[in-house]
Every structure is written in structure tokens, then in C-alpha cells.
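Quick notes on the structure that follows.
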């Protein structure tokens, strides 16, 4: 019996996939008398045009001696009068330094 094993890894390069993306920028809830900023860019869309969502992930800003990680999926598109759209997103950060933070926000309009 061999003690060696292997794994097959697949990396997803979102920048190579067609479609639009959205920026996001929001603050977390206050926990332990501090908060963090969450800022980034979503993946290209997943799903049907009118019901698509976007994946996002990242690391918070460094505050109070630590960071947190986060990830999630946006909600479906919310149309604007000019034909563009945005998405809502919310979630909870990882548990680090004895606590978590919650966040919620809206993305920018679609970018290409």
C-alpha cells in the first residue's frame, strides 16, 4: 500500500471569462470596538441574464492587528431606469481574533 497520493487542482481565472463584473465597497459591522472595509470586484455572471448572480471573495482591511476573509454570491440583478443594474450582497466574515463581523452592501453598476 502506497502512502503517496495526489490531487488534481483546477484554477479558475475569472478575468478570462466573458461578461461583465461589478465593484463593491462597504464597511463591516462593529465588533470588538473596530470594523473593517470590504472592497473588491465580482466574478463574471453565472446563470441566465435576468437572474444571474456573481461570486465574490476577499480579505478585509487590516484593523486592530488582524484581518478576516469573506466570500459569497450576490443576489439577482436589480434593474435601474437606464437599463443597467446592480446587485445586493451580504454575509459574515471568518472567525478571527475571537470574533466575526457582518456586512451588507450594493455593488456598482455593471462594468466591463
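In full-length UniProt numbering, the protein residues as written are 1 to 112. For each residue, glycine too, the CB sits at the ideal point set by N, CA and C.
Host beta strand (DSSP E) of residue 90 (start-end): 88-92
Euclidean distance between Cα positions of residue 21 and residue 83: 16 Å
Determine the extent of the beta strand (DSSP E) in which residue 57 is found, giving its start and end residues. 55-59
Quick check on residue 35: does DSSP put it in helix, strand or coil? coil
Could you give the C-beta distance for residue 101 and residue 35, rounded to a whole number, given that I count them as a contact under 8 Å? 7 Å
With a cut-off of 8 Å on the beta carbons, I'd call residue 88 and residue 75 a contact; round off their distance for me. 5 Å
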